[in-house]
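Going down the list, the protein sequences come from chains D and H. Numbering-wise (this note's numbering), the first sequence opens with residue 1 and increments by one. Numbering-wise (this note's numbering), the second sequence opens with residue 297 and increments by one. For each residue, glycine too, the CB sits at the ideal point set by N, CA and C. Heads up, the thing below is written out as structure tokens.
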Amino acid sequence: MTDAALSKPLSPAWTAPKGRARQGTRLIAAAAAVFVAALMLAPIAVSFLASIKTTAEASAVPPHYLPQTLSIENYQKIYFYQAGLWVYVGNSVVVAALAILQVILLTVPAGYGLARYNFRGKEFLFLLLLLPLMIPYQALLVPLYLMFAKIGLANTTIGLSIVHAMLQIPFSVYLMRNAFEGLPKELVEAATIDGAGSVQVLLRIALPLVLPAIITVSLFAFITSWNEFLAALIMMNKETSFTVPVMVTGVRIGQQSSVDWGALQAGVIVSMIPCILIYILLQKYYVSGLLNGAVK
Amino acid sequence: MAPALLFVAAFVLYPFGQLIYTSFTDTSLLGGGQWIGLANYNRIFSGDPQFWRSLLFTAKYTAIITPILMGLGYALALLTASNDRVLQLARSIIFMPVVVGLGTSSLLWYWLFNQQVGLFNQALVDLHLSDRMIVWFTAADWALWAVIISVTWKVVGFGMILFIAAIQSISHEIVEASQMDGASYWKRVQLIYLPLTFRTVLLVTLISAIGSMLAFEPLYIMTGGNPRGQTFTSVYWIYQSAFVKFQLGYGSALSVVLTATIMAAAVIQVYLTSRSGKR
Chain D
1 MTDAALSKPL
11 SPAWTAPKGR
21 ARQGTRLIAA
31 AAAVFVAALM
41 LAPIAVSFLA
51 SIKTTAEASA
61 VPPHYLPQTL
71 SIENYQKIYF
81 YQAGLWVYVG
91 NSVVVAALAI
101 LQVILLTVPA
111 GYGLARYNFR
121 GKEFLFLLLL
131 LPLMIPYQAL
141 LVPLYLMFAK
151 IGLANTTIGL
161 SIVHAMLQIP
171 FSVYLMRNAF
181 EGLPKELVEA
191 ATIDGAGSVQ
201 VLLRIALPLV
211 LPAIITVSLF
221 AFITSWNEFL
231 AALIMMNKET
241 SFTVPVMVTG
251 VRIGQQSSVD
261 WGALQAGVIV
271 SMIPCILIYI
281 LLQKYYVSGL
291 LNGAVK
Chain H
297 MAPALLFVAA
307 FVLYPFGQLI
317 YTSFTDTSLL
327 GGGQWIGLAN
337 YNRIFSGDPQ
347 FWRSLLFTAK
357 YTAIITPILM
367 GLGYALALLT
377 ASNDRVLQLA
387 RSIIFMPVVV
397 GLGTSSLLWY
407 WLFNQQVGLF
417 NQALVDLHLS
427 DRMIVWFTAA
437 DWALWAVIIS
447 VTWKVVGFGM
457 ILFIAAIQSI
467 SHEIVEASQM
477 DGASYWKRVQ
487 LIYLPLTFRT
497 VLLVTLISAI
507 GSMLAFEPLY
517 IMTGGNPRGQ
527 TFTSVYWIYQ
537 SAFVKFQLGY
547 GSALSVVLTA
557 TIMAAAVIQV
567 YLTSRSGKR
């Protein structure tokens with residue numbers, strides 16, 4: 001966790017106009033911001049602390065804020081939960097990887113086409129690609145479920161990854177189009193004059209230049225897929241096909257109707273770790289993607 | 297772009313057509329599939345009080361949480377907009393829950409709100425904000441607030457970061473000129489920041505409201521629709537009808553109605569987004 005990555009300025013040159021804001025006011029603002037940040041961090045911190053308590057202490061009434069005895073008991077339980085943690089992590093990772101692959105293969109050429117060529121009906125096609133924004137995927141789960149059952153994609157990682165890729169298409173097409181539009185025209189033209197075909201231009205010249213956008217798009221696809229809950233709940237309904245968040249929900253329902261709070265928080269931590277790590281390490285791509293994708 | 301279009305046709309347009317067709321049938325997970333005309337829609341509008349209860353609950357949830365998210369998000373943006381090192385670190389942390397899954401955060405808060413072992417409850421008692429551990433999930437209103445608190449924690453940073461970007465893009469000359477004129481901070485917020493970031497506020501409000509109208513995970517995980525079906529949202533009721541009661545035809549009709557309610561808001565969002573994409 002490098003400090004530099006965490007505190008990347010949104011626009012490097014920007015500082016609040018100083019003017020008459022007094023030192024005291026600035027100090028109070030900083031203190032307030034730190035206070036809010038601490039409040040936001042607290043749930044994650046106490047969840048982690050609960051996950052390293054003993055099972056008995058994690059269910060103690062009244063609860064303790066800090067563990068009195070450290071234990072990896074809860075993580076052991078999660079590790080050996082039902083089919084074993086690695087099965088579920090494996091499912092989640094495969095689904096996310098397939099979703100990323102589809103998003104890249106589908107939206108890079110689409111973004112390139114939209115940016116590079118002018119043709120009739122271009123705006124209409126672009127709007128078609130934004131369709132998943134207009135029809136909520138929650139409403140499509142019934143027909144998708146029936147369709148996947150029919151063509152043998154029920155309970156498969158491919159099936160679920162299709163739904164996750166679909167969720168990311170509008171954002172990714174939009175981002176890729178803007179990235180390609182941002183390339184200098186002369187570069188592409190010069191290459192074309194040199195006799196490079198359009199596929200060659202895309203692969204050799206344009207692609208390396210839009211790599212940051214591709215990273216951003218992949219990052220968002222990963223986080224969306226890893227976290228997605230409803231489609232995973234519906235499409236993956238065998239004990240061995242669950243993804244991580246669905247599996248953790250199962251930990252709660254647990255045996256004999258009493259909740260194993262420690263194991264539950266170990267599960268929560270496990271499912272948070274990849275996203276938080278990615279966010280901390282690749283914050284630059286994440287935040288720029290968010291800003292470019294939502295409002296520009 | 298042909299592959300992308302084919303993908304959207306196969307997994308969005310075609311299923312949407314199927315959805316509309318299925319909504320006129322009595323398809324269930326156990327078979328069926330007879331054409332029954334408008335029967336499902338009749339049932340929605342006159343034979344299913346739970347549909348209305350869910351719709352109202354979702355509307356109430358959206359109406360309460362949207363202004364909270366926008367107000368709090370904007371306040372945090374104003375607080376941390378300056379690129380001071382401490383403030384940058386603070387906003388990075390405030391944003392962090394955005395990358396956590398909604399299912400996961402709901403499980404986290406389900407524990408924090410528990411009346412026996414929940415540390416949020418315990419903290420309220422220790423800070424003398426409450427004289428006993430609150431039982432959050434047996435009354436619909438308390439459950440609603442529990443969900444609002446947990447979702448606000450998870451998503452408030454999203455609006456904040458977009459508002460910060462909008463505030464930072466306001467030109468310095470305008471802000472400095474107003475300072476020369478002796479405008480107070482609050483005057484500046486009212487007369488400069490808010491009007492000049494209005495489009496962003498509008499867009500984030502739309503995104504946020506659409507998200508809230510589609511709420512599912514926090515309710516599924518924290519309340520299970522209880523007490524007495526009072527905390528089902530629209531999406532939850534579709535899930536319940538289609539995948540718990542196996543009535544896929546009826547669930548499809550509910551989905552069509554949901555799509556219609558979402559579409560209006562989404563069309564405006566897409567219009568604003570695609571327009572602003574042109575430079």
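Short Cβ contact (8 Å threshold) for residue i with residue j
| i | j | result |
| --- | --- | --- |
| D/V244 | D/V268 | no |
| H/V413 | D/S172 | no |
| H/S319 | H/A511 | no |
| H/T555 | D/A110 | no |
| D/A231 | D/L141 | yes |
| D/S92 | D/Y75 | no |
| D/V248 | H/T400 | yes |
| D/V246 | D/F229 | yes |
| H/Q330 | H/D322 | yes |
| H/F459 | H/Y370 | yes |
| H/L515 | H/F494 | no |
| H/V304 | D/L153 | no |
| D/M40 | H/W432 | no |
| H/T376 | H/S508 | no |
Beta carbon proximity, residue i to chain D, threshold 8 Å
| i | result |
| --- | --- |
| H/Q330 | no |
| H/A342 | Reading off the sequence shown, one finds Ser at residue 342 of chain H, where the question assumed Ala. It does not; no Cβ of chain D falls within 8 Å. |
| H/D380 | yes |
| H/G573 | Residue confidence is low: H/G573 scores 48 on pLDDT, short of 50, so the model does not pin down where it sits. No coordinate-derived value is stated. |
| H/V451 | no |
| H/T376 | yes |
| H/T555 | yes |
| H/L423 | no |
Amino acids of chain D, ordered along the chain, whose beta-carbon sits closer than 9 Å to that of residue i
| i | result |
| --- | --- |
| H/G399 | N227, E228, F229, L230, A232, L233, P245, V246, V248, T249 and S271 |
| H/S508 | Residues of chain D passing the Cβ test: none, with the nearest at roughly 12 Å. |
| H/G586 | Past the boundaries of the shown model lies residue 586 of chain H; chain H is included only from 297 to 575, so the question cannot be answered. |
| H/M366 | Correct list: empty, because the minimum Cβ distance to chain D is about 14 Å. |
Within chain D, the residues that residue i reaches when beta carbons sit closer than 7 Å
| i | result |
| --- | --- |
| H/T588 | Residue numbering for chain H in the displayed model covers 297 to 575; residue 588 of chain H lies beyond these limits and cannot be assessed. |
| H/P514 | The contacting residues do not exist; H/P514 stays about 10 Å from chain D at best. |
| H/A562 | L133 and M134 |
| H/L403 | V248, T249, R252, L264 and V268 |
| H/W533 | Chain D residues near H/W533: none, gap ~11 Å exceeds 7 Å. |
Min CB distance residue i to chain H below 8 Å
| i | result |
| --- | --- |
| D/L291 | yes |
| D/L130 | yes |
| D/T2 | Reliability of the predicted coordinates at D/T2 is poor, the pLDDT of 33 falling under 50, and the value obtained from them is presented with this limitation in mind. Taking Cβ atoms only, chain H never reaches closer than 8 Å to D/T2, which makes this a no. |
| D/P184 | no |
| D/S7 | Confidence in D/S7 is poor, its pLDDT being 46 and thus under 50, which makes the residue's placement too unreliable to answer from. |
| D/Y65 | yes |
| D/A37 | yes |
| D/P62 | yes |
| D/R116 | no |
| D/V295 | Residue confidence is low: D/V295 scores 48 on pLDDT, short of 50, so the model does not pin down where it sits. Its coordinate-derived value is still stated next. With 8 Å as the cut-off, D/V295 counts as an interface residue toward chain H. |
| D/A33 | yes |
| D/I52 | no |
| D/Q82 | no |
| D/Q283 | yes |
| D/P43 | yes |
| D/A97 | no |
Classification of residue i by the beta-carbon crowding that lies within 10 angstroms, buried from 16 upward
| i | result |
| --- | --- |
| H/L334 | exposed |
| D/D260 | buried |
| D/G293 | buried |
| D/F80 | exposed |
| H/R575 | For H/R575, the predicted structure reports a pLDDT of 37, less than 50, and the residue's modelled location is therefore unreliable. The matter cannot be settled from this model. |
| D/W86 | exposed |
| H/K356 | exposed |
| H/S537 | buried |
| H/G343 | exposed |
| H/A298 | exposed |
Chain-ordered chain H contacts of residue i [CB-CB under 9 Å]
| i | result |
| --- | --- |
| D/Y88 | Ordered by position in chain H, no residue passes the 9 Å Cβ test against D/Y88, which lies about 13 Å from the chain. |
| D/I303 | With chain D represented from 1 up to 296, any question about residue 303 of chain D goes unanswered, as that position is not in the structure. |
Proximal residues of chain H, C-beta to C-beta of residue i below 7 Å
| i | result |
| --- | --- |
| D/Q76 | Those do not exist, as D/Q76 stays about 19 Å from chain H at its closest Cβ, beyond 7 Å. |
| D/M236 | Correct list: empty, because the minimum Cβ distance to chain H is about 12 Å. |
| D/Y279 | M392 and V395 |
Within chain H, the residues that residue i reaches when beta carbons sit closer than 8 Å
| i | result |
| --- | --- |
| D/I169 | A300, F303 and V304 |
| D/T107 | A300 |
Amino acids of chain D, ordered along the chain, whose beta-carbon sits closer than 8 Å to that of residue i
| i | result |
| --- | --- |
| H/V308 | L131, P132, I135, L140 and M166 |
task: List in chain order: all unbroken alpha helix (DSSP H) runs of 4+ residues lying wholly within the stretch 364–433 of chain H.
output: 381–391, 398–408 and 415–422
query: What are the uninterrupted segments assigned as alpha helix (DSSP H) that are 4 or more residues long and contained completely in the stretch 502–543 of chain H, given in chain order?
result: 513–518 and 530–535
field: Whole runs of the alpha helix (DSSP H) within the stretch 67–98 of chain D, excluding any shorter than 4 residues
entry: 73–79
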